[in-house]
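In our numbering, the protein residues as written are 4 to 440.
For glycine and all other residues, C-beta sits at the position ideal for the given N, C-alpha and C.
None of the values given here were measured: they were computed from a predicted structure.
Okay, so here's the structure we're looking at.
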């Protein structure tokens, strides 16, 4: 009997260690398979088609004529790293000087863009604080010091340019914060010097905006019912109001976010005669993938590439990957034992080579780059093995609620998703901005 009890005790003691060992073996086997090995062929190609960028030098020899002729250029990042904000500003300044680009296509909504442009026009940082506070309230990764400083750099850079060469913000995202939209509507009516009684629909809008008991749903319903209304307002103001009404309607109908982005850019390009203009901006990674992924997800860039798009065949996207870096993650995404009541947590978990995110083929990029570097790779040159290889096209994620990237097409390649890849090494995490506001 005693021997039996001893055996049971030993089993009970050993079981957790055995299970932990099995779990470790399974994890490391998965990680090895997910991240992949190294390819001599791909590394030889990468060495011929790469540029190590020195931030601040504004030198980008890697880009070809097709890049500069693109109508929409999107830089895609995993939010929360610091270095992409620096690269974003350098590319924006480079394109302004090289092609005359003035439209920064931002991952913000139309009303947030309005207040950011008011800041760029006046330098009044209360306006900048107002927009960033909306992201602080949402616990969003955009609420970071590096992004805020980038906006300050754009303002300072604009001061060196003639008025017609200055950069402005174009916001095409789905409404982030209806309170910001309401303030925007109010300021438009003030700009129009609207007098009560001039237009019944505008009177009703004013009532919705001034009545503190009015629910946001009521404003959305009002907007949806007046999409075609002719308003007794100056034409530019009326056009702005109708665009905002349309976005409130999209919000009411729960139109897919990336579809809203596409519809908004298409509409703004038409109403502002921007058909021949160029747009550049930095977006979350998933929005800049030109191929369908994860069972039908169609990104903003994929919509821009579609047959009914005025931007078809005029898109270039750049995918940022990171290794050896820290990332600022909303603490709500992390286990409670880790977040400890904080708004954000810095972690190395989301590097492209693990331990929780794995890009198959990332080892080749890392093998040809140095620590603390920012390197850009052209993936679609004539001799590119990436045109017929699955490397870099799949991203596996072990974090709860995160699906990774799995292309829908058979024999998918990274060149179907983007034309360039950036590897950022040893980036610091972005810095939460809350303490600044």
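The DSSP-derived three-state label of residue 207 is helix. Per the DSSP secondary-structure output, residue 330 pairs in a beta bridge with 350. With respect to residue 282, residue 173 sits close: the two C-beta atoms are nearer than 8 Å.
Ranking 246, 408, 253 and 76 by CA distance to the CA of residue 273 puts 246 first. For residue 396 against residue 416, the beta-carbon gap comes to about 6 Å, under 8 Å, which counts as contact.
Residue burial is scored here from C-beta neighbours: residue 127 has fewer than 16 other C-beta atoms within 10 angstroms and is therefore classed as exposed. Of the other Cβ atoms in all chains shown, 16 or more fall within 10 Å of the Cβ of residue 188; this residue is therefore buried. Residue environment: residue 412 is assigned as exposed (fewer than 16 neighbouring CB atoms within 10 Å of its CB, all protein chains considered). Secondary-structure assignment with DSSP links residue 169 through no beta bridge to anything. With fewer than 16 other beta carbons inside 10 angstroms of its own, residue 315 counts as exposed. In the assembly as shown, residue 345 is an exposed residue. Its beta-carbon has fewer than 16 other beta-carbons within 10 Å.
Taking the Cα of residue 324 as reference, the smallest distance to any Cα among 426, 170, 114 and 47 is reached at 426. DSSP places residue 428 in the uninterrupted beta strand (DSSP E) bounded by 423-428. Shown here, residue 286 sits in a strand according to DSSP, grouped into three states. Contact between residue 86 and residue 355 is ruled out by a C-beta separation of about 14 Å, above the 8 Å threshold. Following the DSSP letters along the chain, one finds residue 381 inside the beta strand (DSSP E) bounded by residues 377-381. A Cβ-Cβ separation of about 6 Å places residue 73 in contact with residue 317 under the 8 Å criterion.
Within the segment 39-91, the runs of beta strand (DSSP E) at least 3 residues long that lie entirely inside it are, in chain order, 53-55 and 75-80. Residues 93, 96, 97 and 100 of the same chain have their beta carbon placed closer than 8 Å to that of residue 61, with the five preceding and five following residues left out of the count. CA-CA distance, residue 169 to residue 161, rounds to 5 Å.
For residue 347, the closest alpha carbon among the candidates 231, 49, 215 and 334 is that of 334. Using a Cβ-Cβ distance cut-off of 8 Å, the segment 151-160 and the segment 238-254 are not in contact, since fewer than three pairs of beta carbons, one from each stretch, lie closer than that value. Of the residues assessed, residue 121 falls on the buried side of the cut-off, its CB having 16 or more other CB atoms within 10 angstroms.
Taking the Cβ atoms as the reference, residue 225 lies roughly 24 Å from residue 264, outside the contact range of under 8 Å. Per the coordinates, the alpha-carbon of residue 367 lies some 14 Å from the alpha-carbon of residue 387. Distance from residue 179 to residue 112 at the Cβ level is roughly 5 Å; contact confirmed, criterion being Cβ atoms closer than 8 Å. Distance check between residue 331 and each of 369, 242, 227 and 436 places 436 closest, using alpha-carbon atoms only.
Contact between residue 54 and residue 370 fails: their C-beta atoms lie close to 17 Å from each other, not under 8 Å. Taking all protein chains shown into account, residue 164 has fewer than 16 neighbouring C-beta atoms within 10 Å of its C-beta and is therefore exposed.
With a threshold of 16 other beta carbon atoms within 10 Å, residue 299 falls short and is exposed.
Cβ-Cβ separation between residue 393 and residue 149: approximately 33 Å, too far for a contact (criterion under 8 Å).
With a minimum length of 4 residues, the unbroken runs of alpha helix (DSSP H) contained wholly in the segment 101-173 fall at 113-125, 128-140 and 148-161. The closest CA to that of residue 209, considering only 176, 110, 244 and 238, is found on 244. In this structure, residue 292 sits away from residue 359, with a CB-CB distance that is not shorter than 8 Å. DSSP places residue 398 in no alpha helix (DSSP H) but in the uninterrupted beta strand (DSSP E) bounded by 398-400.
In the DSSP annotation of this structure, the continuous segment of the beta strand (DSSP E) that includes residue 360 starts and ends at 360-362.
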